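The block underneath contains the structure these notes are about, expressed in structure tokens.
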Amino acid sequence: MAQISLTFPDGNRRDFAPGVTPAEVAASISTSLAKKAISATVDGAHHDLQWPINADARIAIHTMADEAQALELIRHDLAHVMARAVQELWPDVKVTIGPVIKDGWYYDFDRIEPFTPEDLGAIEKRMKEIINLRDVVRTEVWDRPRAIAHYEQKGEPFKVELIHGIPGDEPLRMYWHGHWQDLCRGPHLQHTGQLPADAFKLMSVAGAYWRGDSNRPMLQRIYGVAFKNRDELKAHLTMLEEAAKRDHRRLGKEMDLFHLQEEAPGMVFWHPNGWQVWRTLEDYMRRRQREAGYREIRTPQVVDRVLWERSGHWEAYRENMFIVEVDEEGAKEKRINALKPMNCPCHVQVYNQGLKSYRDLPLRLAEFGACHRYESSGSMHGLMRVRGFTQDDAHIFCTEAQIESECAAFIELLSSVYHDLGFESFDIKLSTRPEVRIGTDEDWDRVETALENAIKKVGRSYVIDPGEGAFYGPKLDFKLTDAIGRQWQCGTFQVDPNLPSRLGAEYIGEDGARHRPFMLHRAILGSFERFLGILIENYAGKLPFWLAPRQVVVAGIVSDADAYVHEVVAELRKAGVRAEADVRNEKINYKVREHSVGKVPVILAIGMKEVEERSVSVRRLGETRTDSESLTGIVATLAHEAKAPDLR
RNA sequence: GCCCCAGUAGCACAGCUGGUAGUGCGCCUCAUUCGUAAUGAGGAGGUCGGGGGUUCGAGUCCCUCCUGGGGCACCA
């Protein structure tokens with residue numbers, strides 16, 4: 001029989017009999033490798049060591065030192081071990097799927113009784129016992145009838161359904177972890193003893209629809225995390241604790257920024273500190289947009305349903321709208337209004353006042369528009385997803401020929417704003433024509449090209465998300481990356497020929513005829529609520545000086561210094577700095593601690609030495625060092641820092 | 001909307017198998033004037049998310065609604 005030739009990562013080749021497994025290959029190299037091997041990459045595909053190789057191939061044998069492969073196998077095998085543990089503890093539980101995800105895995109089970117947090121402990125314990133059994137993992141390829149019959153006989157309907165969904169030409173692989181068997185495409189470790197019993201943890205149980213479909217049964221999903229060793233697991237758990245500390249809901253309370261309460265779910269009560277940050281951000285955005293040629297407007301919150309019927313929202317968006325019924329005097333029927341969920345129809349009304357000429361275009365109408373949407377109860381989350389929010393919304397009415405330059409200008413504005421707010425990197429996604437759409441292919445070609453050209457013009461890269469555009473036009477989504485690597489979609493730019501048409505927007509062209517303008521929906525922050533949440537988390541509450549609600553606390557050390565403390569506060573306020581005095585009868589240690597915890601960026605301590613020198617002792621948040629500076633010096637420094645980046 | 005968990009003083013939490021509520025911080029008062037992350041003492045403060053039920057008796061058990069949290073679905 002002809003030999004096959006395997007090429008190793010170092011370029012060496014060796015011949016083997018066809019059907020040789022990576023395990024045998026590893027054994028032929030050294031007994032230590034055979035022992036350490038966990039899997040192999042054969043021609044770019046990750047396989048387990050039992051995978052027979054029947055043709056010439058490139059092969060790399062992996063050990064636990066190969067991070068990516070090791071983690072994939074650990075997490076994947078733990079999913080199986082967990083499912084085995086669950087079925088051993090509760091034999092009536094039906095199994096479904098259990099994929100590897102970021103940092104771990106999950107497995108979905110069908111069981112009538114809910115899993116409790118205590119159950120997780122029991123499952124974890126059983127998993128550790130299984131790992132200690134060092135059960136061999138083996139695999140077989142089965143034909144479909146056998147697999148289906150097997151699962152039908154075992155009473156595993158979800159597995160049967162899965163098999164029906166697998167393409168007919170794909171081999172069905174069965175894996176055994178000891179006596180426990182599961183349908184799986186692999187790869188897996190050689191025995192359960194290769195799993196790190198002290199480097200995984202079951203995290204939570206949650207409901208999840210079978211196959212992600214809300215019409216299908218709800219299963220119980222158990223999430224776990226796993227790493228190569230105990231230290232990495234500990235590091236991960238520590239990281240989660242750190243992330244929890246920057247949770248905007250927690251910081252919002254600690255810094256006295258805002259609160260939510262049950263009489264107004266999803267609507268924010270802004271406290272003085274939080275509202276200060278909002279106003280600073282809003283003032284900044286107002287200046288930036290004015291410079292960029294936007295005109296600010298203000299439109300109604302409550303609008304009659306007839307406008308929403310004309311705009312199409314009544315049909316498409318009704319269930320997300322807050323409806324307001326009004327008994328009008330003398331009227332036979334109640335008048336139905338809706339709180340606006342979006343600003344666009346109102347903006348068209350402003351545009352429609354007075355006949356517009358092509359000379360008026362592009363017309364950029366901006367509004368910090370307060371909108372209300374009835375979000376489903378389960379989707380709300382702190383400031384990140386609310387029912388009452390304010391968009392930094394604007395609509396640009398323009399001709400088709402102006403789309404490209406408007407888009408380019410928008411990206412540059414957005415980029416500059418993100419930079420000023422501390423976000424250096426963002427990604428652009430271009431969503432193109434969906435299956436169901438209006439307009440001709442030529443229309444779409446031109447507009448999509450205009451957006452692509454605009455992105456190229458400003459020297460940005462982008463990815464295309466085919467078919468994800470709105471039914472009326474393509475859009476750009478802008479995702480910024482925060483300090484801990486999370487991405488947030490904030491900015492958007494959408495091309496819309498539809499709404500101007502529905503609401504009868506027109507302009508008189510050079511030719512003297514009436515034309516339909518395009519409408520560009522765009523936002524940079526998205527919503528103020530959500531963006532403030534992102535800012536708080538990005539900075540872990542330590543907002544840059546210009547945004548910080550309380551910028552300076554002037555803390556007296558002895559009461560004889562009180563008069564000078566107040567003088568320092570007055571000087572700072574005169575210079576445009578948000579300063580307050582702390583002349584309480586407390587020790588300086590206490591004051592420093594309290595204001596540090598409160599994330600005040602600068603504490604100025606004042607004792608008799610400072611009174612005599614007309615100086616201040618400066619302590620910056622996060623530092624333990626203190627500097628002595630003259631009063632005039634610190635006022636000048638802080639007055640500069642207090643200015644928004646566009647005013648410096 | 002769906003599944004699970006939770007809802008006790010301003011905040012963070014304790015309160016076992018039902019016997020009528022406790023700790024820390026904060027707050028108030030007094031003393032202390034003390035140089036860079038918590039000075040000491042005293043005091044006030046809760047119809048235990050709402051409603052209903054079981055019970056001689058419910059923060060504790062049951063039902064229901066609301067809100068929050070973790071997910072899933074949703075986000076024209």
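Mapping to UniProt numbering: the first sequence position 288 is 288, numbers consecutive. Backbone N, C-alpha and C define an ideal beta-carbon position, used for all residues, glycine too. Note that the coordinates shown come from a computational prediction; the quantities given were computed from them, not determined experimentally.
- CA-to-CA, the gap between residue 154 and residue 108 works out to about 18 Å.
- For residue 577, the closest alpha carbon among the candidates 228, 325, 585 and 644 is that of 644.
- The Cβ-Cβ distance between residue 493 and residue 407 falls below 8 Å.
- Inter-residue distance for residue 27 and residue 69 is about 19 Å (C-alpha atoms, whole angstroms).
- An exposed status is given to residue 609, since fewer than 16 other beta-carbon atoms sit within 10 Å of its beta-carbon.
- Fewer than three beta-carbon pairs drawn from the stretch 85 to 92 and the stretch 191 to 209 are found closer than 8 Å, and the two stretches are therefore not classed as touching.
- In the DSSP annotation of this structure, the continuous segment of the beta strand (DSSP E) that includes residue 222 starts and ends at 218 to 226.
- By the Cβ-count criterion, residue 164 is exposed, with fewer than 16 other Cβ atoms from all chains shown falling within 10 Å of its own Cβ.
- Per the coordinates, the alpha-carbon of residue 59 lies some 40 Å from the alpha-carbon of residue 89.
- Excluding its 5 nearest sequence neighbours in each direction, residue 9 has C-beta neighbours in its own chain below 7 Å: 60, listed in chain order.
- By the C-beta density criterion, residue 218 is exposed, having fewer than 16 other C-beta atoms within 10 angstroms.
- Rounded to the nearest whole angstrom, the C-alpha separation of residue 92 and residue 158 is 14 Å.
- With a beta-carbon spacing of about 6 Å, residue 502 and residue 312 fall inside the 8 Å limit used to define contacts.
- A contact between stretches requires three or more CB pairs, one per stretch, nearer than 8 Å, and the stretch 138 to 148 meets this requirement with the stretch 167 to 181.
- Secondary structure within the stretch 137 to 212: the alpha helix (DSSP H) runs of 4 or more consecutive residues, fully enclosed, are 144 to 154 and 157 to 165 (chain order).
- Taking C-alpha positions only, residue 317 is separated from residue 523 by approximately 20 Å.
- Taking residue 100 as reference, the option from 620, 46 and 223 with the minimal CA-CA separation is 223.
- Two segments are said to touch when three or more pairs of C-beta atoms, one from each, lie closer than 8 Å; by this definition the stretch 346 to 362 does not touch the stretch 375 to 388.
- Residue pairing by DSSP places residue 41 opposite 46 and 60 in a beta bridge.
- Check the Cα spacing between residue 540 and each of 193, 566, 252 and 400: the tightest is with 252.
- The beta carbons of residue 348 and residue 500 sit closer together than 8 Å.
- For residue 109, the secondary structure class from DSSP, reduced to helix, strand or coil, is strand.
- Counting only the Cα atoms, residue 543 lies some 8 Å from residue 535.
- Taken atom to atom, the span from the alpha-carbon of residue 518 to that of residue 363 is near 11 Å.
- Between residue 613 and the set 360, 564 and 343, the nearest pair of CA atoms involves 564.
- For residue 480, the enclosing beta strand (DSSP E) has its first and last residue at 475 to 481.
- Beyond the five residues adjoining it in sequence on each side, residue 199 comes within less than 8 Å, by CB distance, of 74, 226, 227, 228, 229, 230, 232 and 233 in the same chain, given in chain order.
- DSSP lists 397 and 496 as the beta-bridge partner residues of residue 519.
- Annotation for residue 335: 326 and 328 place their beta carbon closer than 6 Å to its own, counting only its chain and skipping 5 residues before and after.
- Residue state for residue 408 is assigned as helix, using DSSP reduced to three classes.
- In the DSSP annotation of this structure, the continuous segment of the beta strand (DSSP E) that includes residue 368 starts and ends at 363 to 372.
- Here residue 261 is exposed: its Cβ has fewer than 16 other Cβ atoms, across all protein chains shown, within 10 Å.
- Excluding residues up to 5 positions away in sequence, 418, 478, 479, 480 and 481 lie with their Cβ nearer than 7 Å to the Cβ of residue 426 in the same chain.
- Residue 6 carries a strand assignment under DSSP once its states are collapsed to helix, strand and coil.
- In this structure residue 620 is exposed. Its beta-carbon is surrounded by fewer than 16 other beta-carbon atoms within 10 angstroms.
- The alpha-carbon separation between residue 420 and residue 238 amounts to approximately 31 Å.
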